[in-house]
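Each residue of the sequence shown is one higher than the last, beginning at 2 in our numbering. Beta carbons are placed, not taken as given, at the ideal position from N, Cα and C, and that holds for glycine. Each remark here refers to the structure printed beneath this line.
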Amino acid sequence: MKLLQGMALKHGGKVISAIVVFFVGRMISRMASAMLVRASKKARIDQTLMGFIGNLAYVLMLCVVCIAALSCLGVDTTSLTAVLAAAGFAIGMALQGTLGNFASGALLVFFKPFRVGDMIDVAGVSGHVVEIQIFNTILRTPDNVRIIVPNLTLTGATIRNLSAEPHRRIDLVIGTSYHDDLRAVRRFLEEVVQSDSRILAEPAPVVAVSELGDSSVNFVVRPWVLNSNFQAVKFHLIEQIKLGFDERGLTIPFPSRDVFVHHSMDDKTLPFINDASSVAA
Numbered sequence: 002m003k004l005l006q007g008m009a010l011k012h013g014g015k016v017i018s019a020i021v022v023f024f025v026g027r028m029i030s031r032m033a034s035a036m037l038v039r040a041s042k043k044a045r046i047d048q049t050l051m052g053f054i055g056n057l058a059y060v061l062m063l064c065v066v067c068i069a070a071l072s073c074l075g076v077d078t079t080s081l082t083a084v085l086a087a088a089g090f091a092i093g094m095a096l097q098g099t100l101g102n103f104a105s106g107a108l109l110v111f112f113k114p115f116r117v118g119d120m121i122d123v124a125g126v127s128g129h130v131v132e133i134q135i136f137n138t139i140l141r142t143p144d145n146v147r148i149i150v151p152n153l154t155l156t157g158a159t160i161r162n163l164s165a166e167p168h169r170r171i172d173l174v175i176g177t178s179y180h181d182d183l184r185a186v187r188r189f190l191e192e193v194v195q196s197d198s199r200i201l202a203e204p205a206p207v208v209a210v211s212e213l214g215d216s217s218v219n220f221v222v223r224p225w226v227l228n229s230n231f232q233a234v235k236f237h238l239i240e241q242i243k244l245g246f247d248e249r250g251l252t253i254p255f256p257s258r259d260v261f262v263h264h265s266m267d268d269k270t271l272p273f274i275n276d277a278s279s280v281a282a
């Protein structure tokens, strides 16, 4: 008991000092990181770079705080540096993926294949970029789901940046029956495109027959719009085309297949049976 009391008297102050240094230092690190982010906003630094620098500054300051706390415990930080270097090498070998994420985060920040706020499609997921952190990038999907993607995945995959250009082209494929008047269908599709003021005059929209399909004659409708209007115009065109087809008696055929059955009985072959009701493909 006396031994424990003696150790408490001897080292208790150091332990308390180390705890105080750690928690106060961590609080100061957070405040300094937040101040750095605010200063970056005032300086109009790119938001993508700003978030990355804020995270990096916090981690570096926290490392300094940990060393200071160990120093309060009486640990020789000079020898600790050599130990940390050796440990860092070993940890680095074990955490190659994590270090790769860090390096990839730096590449994303400085080469800027996308920025905060951009809509991207990568590695099978799509969403708006919320933040680029030192190890991960945060995406928010259109249905408000938060997705965390490792930075290494982003630099190793093909990125489709849907917000990079001011204009986008809508690609629609509209099928019509072989019995419909193709000229009338083309005129109607052109009228629908021309009636929407959000569609750009240049580049000129395209309405053309693209394919003679198994069940339909397919038209492509390709107007250009502002990126911000892409979804709204696309949905509007689809609705107006369907309503217009109904009003004009034009048909959007279902994929169909005729089934012919050969059946033998008592050496008598029945004729082909053409099932009038088509079987859906």
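Residue span of the beta strand (DSSP E) that contains isoleucine 149, given as start and end:
147 to 151
Closest to proline 224 by C-alpha separation, out of Glu192, Ile253, Glu212 and Phe255, would be which residue?
Glu192
Which residues in the same chain have their Cβ closer than 6 Å to the Cβ of valine 16, if we skip the five residues on either side of it in sequence?
none
Taking only three categories from DSSP, how would you classify serine 211?
strand
Phenylalanine 292: buried (16+ other C-beta within 10 angstroms of its C-beta) or exposed?
Any question about residue 292 goes unanswered here, given that the chain covers just 2 to 282.
Hey, which unbroken runs of the beta strand (DSSP E) at 3 residues or more fall wholly within the stretch 118 to 191?
120 to 123, 126 to 133, 137 to 141, 147 to 151, 160 to 162, 168 to 170 and 173 to 177
Excluding sequence positions up to five away, which residues of its chain have a Cβ less than 7 Å from the Cβ of serine 30?
Tyr59, Met62, Leu63 and Val66
Pairwise C-alpha distance: isoleucine 171 and threonine 252:
22 Å
Secondary structure of isoleucine 253, DSSP reduced to three states
coil
In whole angstroms, give me the CA-to-CA distance for serine 127 and aspartate 144.
11 Å
How would you write the range of the beta strand (DSSP E) that leucine 227 sits in, first residue to last?
225 to 227
Own chain partners of alanine 69 with C-beta closer than 7 Å, once the 5 adjacent residues on each side are dropped:
Val22 and Gly26
Is the stretch 175 to 184 close to the stretch 209 to 224, with three or more CB pairs under 8 Å?
yes
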